[in-house]
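Here is the structure we will look at, set down as structure tokens.
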Amino acid sequence: MQPAILLVNAGSSSLKLALAPAHTGATPTARATVDGIGAHPRLDAKPVDGPFAAPFDPDDGIDHGAVIAWLMRTLARRDDAAQPVAVGHRVVHGGPNLVRHARLTDAVIAEIARVAPLARSHNPHSLAAIRAVAAAWPGIVQVACFDTAFHAGQDPLATTFALPAAVRAAGVRRYGFHGLSYQSIAERLDTLAPGLGTGRVIVAHLGNGASLCALDAGRSVATTMGFTPLDGLVMGTRPGLLDPGVVPFLMAELGMTADAVDALLYRDSGLKGLSGLSHDMRRLEESPTEEARFARALFAYRIARETGSLAAALGGVDALVFTGGIGENSAATRAAVLERCGWLGFALDADANHRAGPDGRRITAAGSRPAFVLASDEERILARETVTLAMG
Ligand code: ADP
1 MQPAILLVNA GSSSLKLALA PAHTGATPTA RATVDGIGAH PRLDAKPVDG
51 PFAAPFDPDD GIDHGAVIAW LMRTLARRDD AAQPVAVGHR VVHGGPNLVR
101 HARLTDAVIA EIARVAPLAR SHNPHSLAAI RAVAAAWPGI VQVACFDTAF
151 HAGQDPLATT FALPAAVRAA GVRRYGFHGL SYQSIAERLD TLAPGLGTGR
201 VIVAHLGNGA SLCALDAGRS VATTMGFTPL DGLVMGTRPG LLDPGVVPFL
251 MAELGMTADA VDALLYRDSG LKGLSGLSHD MRRLEESPTE EARFARALFA
301 YRIARETGSL AAALGGVDAL VFTGGIGENS AATRAAVLER CGWLGFALDA
351 DANHRAGPDG RRITAAGSRP AFVLASDEER ILARETVTLA MG
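The sequence shown begins at 1 in the numbering used here and counts up by one.
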């Protein structure tokens with residue numbers, strides 16, 4: 001049987017596993033998604049008779065490490081399934097020092113743990129998964145791909161907050177996220193239009209989390225997320241740009257604790273907080289309420305404003321690319337954004353926009369600067385880096 005790689009994506013309350021043949025470009029043959037970790041975990045295994053499928057009825061309190069340990073035991077029992085020779089983890093935060101995807105050594109794991117306070121709802125879960133894999137399969141090669149790594153080459157002008165040296169020394173700066181998504185788009189710019197790979201491109205990754213990235217010759221020069229994935233655009237449940245003065249007001253005047261502020265900003269704000277209905281763009285597009293309409297309008301307005309900011313960072317813009325669940329599927333959002341970007345030379349082709357699939361289709365009129373819809377493929381990057389770093 002062919003050797004396999006296991007790809008692990010630990011979210012704040014979810015864990016996604018994919019099993020793929022251990023060669024570059026291979027598509028996964030089996031997947032397991034566990035949602036609701038920390039509350040009532042549910043397993044979705046594909047195929048339904050595949051290597052991750054088994055009756056799953058864990059205690060409610062089970063954590064990410066225990067979930068992955070359970071899934072690995074399930075996999076190991078299947079002698080008809082390819083067993084992994086390497087494991088690749090998507091890790092949200094590499095901090096200031098882990099600036100490249102890396103094979104996991106004790107030193108790299110210690111650094112991920114050291115910077116865990118920078119991504120409290122993600123890195124600890126990745127660490128739990130890494131440790132569970134090491135305990136189950138001692139000696140197996142593990143690789144980490146960091147969402148921050150793609151932005152690590154940005155100029156200090158783009159990453160520095162105007163704060164005193166002692167605070168900056170504690171790692172308080174802009175990092176940026178969604179790096180695997182932007183890497184997957186940056187590598188395919190020349191397939192959209194000849195020469196775009198060396199041009200100035202703004203990519204809009206619009207999913208439940210949302211950010212923009214300014215690419216100059218395929219390299220990230222600025223992005224809207226900062227110290228945490230809270231900054232920048234309106235998101236499903238996060239507010240994006242917020243005057244920092246709001247936080248001490250919430251604490252001193254409204255009596256909120258740091259945990260309550262965290263919950264407000266990560267879980268109850270954004271489209272959900274604005275609409276009072278849902279974090280989900282599809283539901284807002286179906287809703288007739290004024291609150292839902294306003295939430296969608298503010299979502300597009302903020303994207304257009306930040307597009308102007310990134311165009312300034314780039315000194316101009318040659319093309320826009322939309323990706324992520326909303327960027328790939330919401331023609332109305334793309335139209336609202338491009339309408340506000342007319343001053344940058346963009347003019348929508350309404351028919352093309354409605355017909356666009358996530359395959360690199362152009363959605364702007366003849367004579368306009370081009371805008372495209374292209375699905376990002378974070379998993380392809382994670383798989384390729386895992387194969388390359390594990391076998392290298
Ligand atoms: P995540 O950041 O969790 O990976 P996705 O990239 O899957 O999220 O994006 C999820 C968002 O995409 C949701 O707001 C969802 O409503 C939106 N979306 C998906 N399909 C459509 C569609 N056909 N029309 C409008 N919005 C859509």
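A virtual CB, placed ideally from N, CA and C, is assigned to each residue, including glycine. Since the structure is predicted, the reported quantities are computational estimates derived from the model, not experimental observations.
At a cut-off of 8 Å, would you count residue i as near the ligand ADP, judging by its Cβ distance to the nearest heavy atom?
| i | result |
| --- | --- |
| E285 | yes |
| M281 | yes |
| N208 | yes |
| S13 | no |
| I326 | yes |
| L271 | yes |
| G357 | no |
| N329 | yes |
| G236 | yes |
Quick one: residues in its chain with C-beta nearer than 8 Å to the C-beta of residue i, no 5 flanking neighbours on either side, listed in chain order?
| i | result |
| --- | --- |
| I140 | P84, V85, A86, V87, V133 and A134 |
| R405 | Only positions 1 to 392 of the chain appear in this structure, which leaves residue 405 out of reach. |
| A350 | A335 |
| D190 | L196 and G197 |
| G240 | A210, T224, L230, D231, G232, L233, V234, G270 and R302 |
| A53 | A45, P47 and T74 |
| V92 | A119, H122, N123, S126, F146, D147, T148, F177 and P229 |
| A39 | S13 and D60 |
Helix, strand or coil: how does DSSP classify residue i here?
| i | result |
| --- | --- |
| G324 | helix |
| T307 | helix |
| F249 | helix |
| P138 | coil |
| H394 | For residue 394 there is no data in the structure shown, the boundaries of the chain being 1 and 392. |
| R361 | strand |
| D268 | coil |
| V67 | helix |
| V203 | strand |
| R42 | strand |
| N353 | helix |
| S184 | helix |
| R173 | coil |
| D190 | helix |
| P117 | helix |
| L344 | helix |
| I112 | helix |
| G88 | strand |
Starting from the C-beta of residue i, find all residues in its chain whose C-beta is less than 6 Å away, skip the five residues before and the five after it, and write them out in chain order.
| i | result |
| --- | --- |
| S121 | S12 |
| L389 | R103 and V143 |
| G207 | G324 and G325 |
| A158 | A222 |
Within its chain, find whatever has a CB closer than 7 Å to the CB of residue i; leave out the 5 residues flanking it on each side and keep chain order.
| i | result |
| --- | --- |
| T27 | A20 |
| H279 | N208, G236, T237, G270, L271 and K272 |
| I185 | V203, V321, T323, L374 and S376 |
| R78 | P51 |
| P358 | E328, V373, L374 and A375 |
Since I believe residue j is in contact with residue i (beta carbons under 8 Å), could you give me their beta-carbon distance rounded to a whole number of angstroms?
| i | j | result |
| --- | --- | --- |
| D155 | V221 | 7 Å |
| A45 | A32 | 5 Å |
| L307 | I202 | The question names Leu, yet the displayed sequence has Thr at residue 307. That pair is a contact at about 6 Å. |
| A356 | A319 | No, A356 and A319 are not in contact; Cβ-Cβ is about 15 Å, not under 8 Å. |
| A149 | R100 | 6 Å |
| V34 | L15 | 5 Å |
| L98 | F146 | 6 Å |
| S275 | E291 | 5 Å |
| A10 | A129 | 5 Å |
| V261 | L250 | 5 Å |
| P41 | I68 | About 12 Å; that fails the 8 Å criterion. |
| R362 | A347 | Going by Cβ atoms, the distance from R362 to A347 rounds to 12 Å, so no, they are not a contact pair. |
For the ligand COA, I want to know if residue i counts as a neighbour, meaning its beta carbon is within less than 8 Å of at least one of the ligand's heavy atoms.
| i | result |
| --- | --- |
| D231 | By its list of ligands, the structure shown excludes the ligand COA, since it contains just the ligand ADP. |
Worksheet item: Are there three or more Cβ pairs, one per stretch, closer than 8 Å when the region 177 to 188 is compared with the region 296 to 310?
Response: no
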